[in-house]
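This report concerns only the one structure given below.
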Amino acid sequence: MSDQPTTTIKERKKTERLFKKPNWLRVKLPTGENYKKVRRLVDDCSFCAVATGRPQEIDEDEPRRVGEAVSLMGLKHAVITSVNRDELKDSGARIWHNTVKEIKKQSPGTTIETLIPDVKGRWDALETMTSGGQEVVSHNMETVKSLYRKVRPQAKYDRSLEQIKRTKEMGHRTKSGFMVGLGETQDEVFDIMDDLIEARCDVLTIGQYLQPTKMHLQISEFISPDTFEMYRQVGMEKGFDFVESGPLVRSSYHAERHVGCH
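In the working numbering, the protein residues as written are 6 to 267.
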């Protein structure tokens, strides 16, 4: 009998020990009255029905219900995102537009960031998506150029940069983000910063990649808080209006901080 399975298990356990989360990635669950209030409201919402698989028909009433939810929660700032709807001719642009309009109608004091998917070069759809009155338009690069085929095979690095560039040309505040810890070099991090500056990206977020399940890409390394701070400083020196960089940073992390930061 081959001992290969036993060897594989040992190697897997060794890998898991090597990538045990450091202390700076261990956080307490949020508490406080605002958190409890949001939990009560969200737990009773009927509009949230996220599932994987074949997408359903477009729900024409969704924009109204999203606007209602934002209003009920009394949000000062809302970050709205969506699944990819590549099978639709407009990539779901009309629903995006209507959703932003409804939020502004039902909660006029709320500022909005839309985190939009890759429109696959459908620039007319991009214009529709971003014309609802949102304050910030975000599209994440996710990783450095050399890792695109491995990390983001369905997308194209240069096309995502072009999407950000065109968004800026339409007069919007632009934002993007990427993960580190996937095997990129520091020089590659500086290169993607330069590419985003050239595309006229205003706001940048940098966060640690965390492996969701064993079926996903393994973590290459945990980036230290000091390195994240170095990336933040370099990003500001390169010309971004605002850089949020840290192990726990995600695209919507403290998103309200940079809405009016110029």
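Even for Gly, the Cβ is constructed at its ideal location relative to N, Cα and C.
Quick caveat, the model's predicted, so the values are computed rather than measured.
Query	Result
7 Å CB neighbourhood of Q216 in its chain, flanking five on each side removed	L222, Q223, I224
Residue environment, R154, which counts as buried when at least 16 other CB atoms sit within 10 Å	exposed
For V142, the first and last residue of its enclosing beta strand (DSSP E)	141–143
T210 versus E249: straight-line alpha-carbon distance, rounded	5 Å
Beta-carbon proximity check, Y214 vs M184, cutoff 8 Å	yes
Spatial neighbours of I202 in its chain, beta-carbon cut-off 8 Å, leaving aside the 5 residues before and after	K243, G244, F245
Delimiting residues of the alpha helix (DSSP H) encompassing R70	67–78
Contacting residues, own chain, Cβ-Cβ under 6 Å from R255 (five flanking each side not counted)	G212
Cβ-Cβ separation, H263 to V208 (assumed contact under 8 Å), whole Å	5 Å
CA-to-CA distance, E67 to Y258, given in whole angstroms	25 Å
Which of helix, strand or coil DSSP assigns to I85	strand
Residue environment, L187, which counts as buried when at least 16 other CB atoms sit within 10 Å	buried
Beta-carbon proximity check, P122 vs S151, cutoff 8 Å	no
Burial state of N145 (16 or more Cβ within 10 Å)	buried
G212 - partner residues in DSSP beta bridges	M184
Whether I228 touches A204 by CB criterion (8 Å)	no
Status (buried if at least 16 other CB within 10 Å, exposed otherwise) for R164	exposed
Segments assigned beta strand (DSSP E), at least 3 residues, entirely inside the stretch 115–202	116–120, 141–143, 178–185
Buried/exposed call for W324, threshold 16 Cβ in 10 Å	This structure does not reach residue 324, given that the chain is present from 6 up to 267, and the question cannot be answered.
V171 and L131 closer than 8 Å at C-beta	According to the sequence shown, residue 171 is Arg rather than Val. A contact, by the Cβ cut-off of 8 Å.
Through-space distance from F233 to G251, alpha-carbon basis	5 Å
K94 classed as buried or exposed, judged by whether at least 16 other C-beta atoms fall within 10 angstroms	exposed
First and last residue of the uninterrupted alpha helix (DSSP H) at F233	230–243
Three-state secondary structure assigned by DSSP to E226	coil
Top-ranked residue by Cα proximity to T86, from T104, T148, G79, K25	T104
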